[in-house]
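Before any comments, here is the structure.
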Amino acid sequence: MKSLLVFLFTAFLLILATFNDKRWKPLEVFDNDQGGYYVYLPSVLLYQDAGRADSLLRIQQTYRPGPEPYMGLLKLPNGNTISKYPLGVALAELPWFAGAHTWARLRGLPTDGFSRPYQQAIMLAGLFHGLLGLWLLRRLLQRYFSPEDAAVAWALAAIGLGTNWFTYASYESPMAHSLLFLWHVGLVWATGAWYETRSIRWAAVLGLMLGLAMLARPTEALYVLVPVGWGLATQGGPRGWFTWLLGRPRQVLLAGAIVLAVVVWQPVFWHAVSGQWWLDTYQGEGFDFRHPHVLEGLFSFKKGWLLYTPLAGLALLGMAWLPPRLRGGAGALLLTLPVVLYVTFSWREWWYGGSFGCRPLISLYPLLALGVAALVAASAAWKQPARLAVRMVLVLGIVLNLWQTYQYAAGVIHWDSMTADRYRRGFFIGSLKKLPPDLRVP
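Sequence positions in the sequence shown follow UniProt numbering and run 1 to 442.
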C-alpha cells in the first residue's frame, strides 16, 4: 500500500510538472534533440518521403519564425535530409502521433505534424513511458522484496523523486531517457526471470528489451553486460555460466535473433534514404577513450552525476546489502557500471549538452533501485538511530532533487554552463530573474 501511494504521489507531481512546463503552450516541444527523435514520423507518414526530415524544420517557421533550432538534421550527398538520431524513440511515439493526427483532423486543426496536438501528444508519450516504467519498477521490486512494502516504497521514491529521472519523465519527456528507463526495467526483469525459470519466453523478452533500447540509443548495447553479469554471479562463474548457456542454445539464439530483428531497422532506413547500410551520423563528435572524464562526470558542478543525484551514491552503497536471492543483480551492476561509466564519460562532449545531471546514466536506475530497497530492508533490523539516519538521507536527497529540478526548469541551474560559483550563489534562488546578473549565461 505504501508503494502504491508513492507511485500515485509521484505520478501527480509528474503530471503537474508536465502540464506546467514552459514548452507545453508556446510550441517549443520539437526544438533541439526532441525534434530530431520525432522527425521520422511526419517525414514518412505525412510526406511519404523518408529523406525529408527538413520538412518539419520548414513547417516550424510557420509557428515560430526566427533562427532555425538545432534538430540534428544532416544533408546527404544525394540531396536527402535525415536526422542524426536513431529511430527507436519515434517508433515508440507512433501510437501517440496517430492519436494526435486523428484529433487534429476531427478538430479541424492543421495536420502538418507540428501543430499543438502533435506537440502535446509527444510530451504525453514521454510522461506515459515514464509512469509505465515506474509502475513496472514497483512490480519488479515487489518480486524481490515482498512483503517488505516499505523498502519498495522508499526505493520507488528514491528513483522517482530523488533522481534526474523525474526531469526526463516530465519537463524533458520527449527525450529518449524516459523510454530507455522503461526498456531497462524490462531488461532487468527479463534477465532475472530467465535465470530463475529458464523459460524461452523470458529469453525472447530479454532480446526484445535490449533491441528496443539499442534502437533508441546504440550505446545501450553495453547493457548486454546485465544478463552476462547476472549469469556469472548465479551460475558459479565463467565456466558454470558457459555450461548453462550451452545447455539452452535455442534460447540464446532466439534472444540474439530478436535483438538483430529490431536494430536492423536503422540500417534499413539508412539504406533507403542514402543507398548505404551504414552512416556516421555523429560526424565531428565521438569518443576519446584515451582521455575519459570520469571524475568530472561524477563530481563536477557542470554536470556531476553524484553531485546532482547524490542518492545514486546511496544506491550504490546499498548494493552491499543485497540478499542472496539478488546476487545476480549485484553481479550485473559490478560488471556493467565501470564499463558504462568509462564509455559514457569518454564521449568528447562528456557533459552531453543541454541536460540536468548526467542523463545517459538514467538507464542504470532500475538496477540501482535494488540497492536502495536492499539498504532500507536491511536497516529495519538496525538500531533506531541508524535506521532513522538512512531514511533521513533519503528524504534530504529527495528534497534536494525536487528543488534542483525546479531550479533547472526555471533556468537557475543552467542547462550547459554551470560552475561552482553559480551553484553556490544560486542554491537558494528559485527564479532566473533573482539570479545576480554576473551569474547569468546568455
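C-beta atoms are modelled at their ideal positions from N, C-alpha and C, and glycine is treated no differently.
Whether residue i touches residue j by CB criterion (7 Å)
i           : j           : result
residue 88  : residue 216 : yes
residue 29  : residue 123 : yes
residue 394 : residue 183 : no
residue 258 : residue 204 : yes
residue 99  : residue 84  : no
residue 354 : residue 416 : yes
residue 206 : residue 150 : no
residue 226 : residue 187 : yes
residue 273 : residue 79  : no
residue 361 : residue 315 : no
Assumed close pair residue i, residue j - CB separation to whole angstroms, cut-off 8 Å
i           : j           : result
residue 42  : residue 57  : Their Cβ separation, rounded to whole angstroms, is 11 Å, which puts residue 42 and residue 57 out of contact at 8 Å.
residue 234 : residue 282 : That pair is no contact at about 37 Å.
residue 332 : residue 319 : About 10 Å separates the two Cβ atoms, so there is no contact after all.
residue 178 : residue 240 : Contact doesn't hold; Cβ gap of about 37 Å is too wide.
residue 443 : residue 359 : Residue 443 lies beyond the stretch modelled for the chain, which goes from 1 to 442, so this question has no answer here.
residue 192 : residue 328 : 6 Å
residue 424 : residue 436 : 12 Å between Cβ atoms; not a contact.
residue 237 : residue 335 : Going by Cβ atoms, the distance from residue 237 to residue 335 rounds to 12 Å, so no, they are not a contact pair.
residue 245 : residue 252 : 6 Å
residue 90  : residue 47  : That pair is no contact at about 14 Å.
Exposure of residue i, with buried meaning 16 or more beta-carbon neighbours within 10 Å
i           : result
residue 34  : buried
residue 276 : exposed
residue 384 : exposed
residue 75  : exposed
residue 414 : buried
residue 81  : buried
residue 428 : exposed
residue 172 : buried
residue 266 : buried
residue 349 : exposed
residue 289 : exposed
residue 422 : buried
residue 54  : buried
residue 380 : exposed
residue 115 : buried
residue 7   : buried
residue 44  : buried
residue 97  : buried
residue 247 : exposed
residue 271 : exposed
residue 243 : exposed
residue 134 : buried
residue 209 : buried
residue 102 : exposed
residue 108 : exposed
residue 249 : exposed
residue 340 : buried
residue 322 : buried
Residues of its chain near residue i, where Cβ-Cβ distance is below 8 Å and the 5 sequence neighbours each way are ignored
i           : result
residue 457 : The chain is shown only over 1 to 442; residue 457 falls outside these bounds and no answer can be derived.
residue 94  : 41
residue 325 : 144
residue 63  : 27, 114 and 115
residue 185 : 133, 136, 137, 140 and 366
residue 2   : 149, 150, 152 and 153
residue 439 : 421, 422, 425 and 426
residue 317 : 371 and 375
residue 287 : 343, 346, 347 and 348
Beta-carbon proximity list for residue i, same chain, < 6 Å, skipping 5 on both sides
i           : result
residue 313 : 306
residue 164 : 309, 356 and 357
residue 214 : 220, 221 and 263
residue 36  : 71, 72, 83 and 85
residue 59  : 112 and 114
residue 363 : 180 and 184
residue 420 : 301
residue 148 : 377
residue 231 : 241
residue 118 : 100
residue 418 : 301 and 302
Close Cβ partners of residue i (< 7 Å) along its chain, the five nearest in sequence each way excluded
i           : result
residue 167 : 356, 405 and 408
residue 49  : 43
residue 269 : 50 and 87
residue 292 : 342, 345 and 346
Heavy atom of the ligand ZN within 6 Å of residue i beta-carbon
i           : result
residue 110 : The ligand ZN is absent from the structure shown, which contains no ligand whatsoever.
Indicate whether the contact test is met: 3 or more Cβ pairs, each with one atom in the region 123-135 and one in the region 7-19, closer than 8 Å.
-> yes
State whether the region 375-390 contacts the region 408-424, with contact taken as three or more CB pairs (one from each stretch) at a distance under 8 Å.
-> no
Contact the region 427-439 vs the region 184-202: 3+ CB pairs below 8 Å = no
Inter-stretch contact (C-beta, 8 Å, three-pair minimum) for the region 104-124 and the region 342-351 = no
Contact the region 289-303 vs the region 369-381: 3+ CB pairs below 8 Å | no
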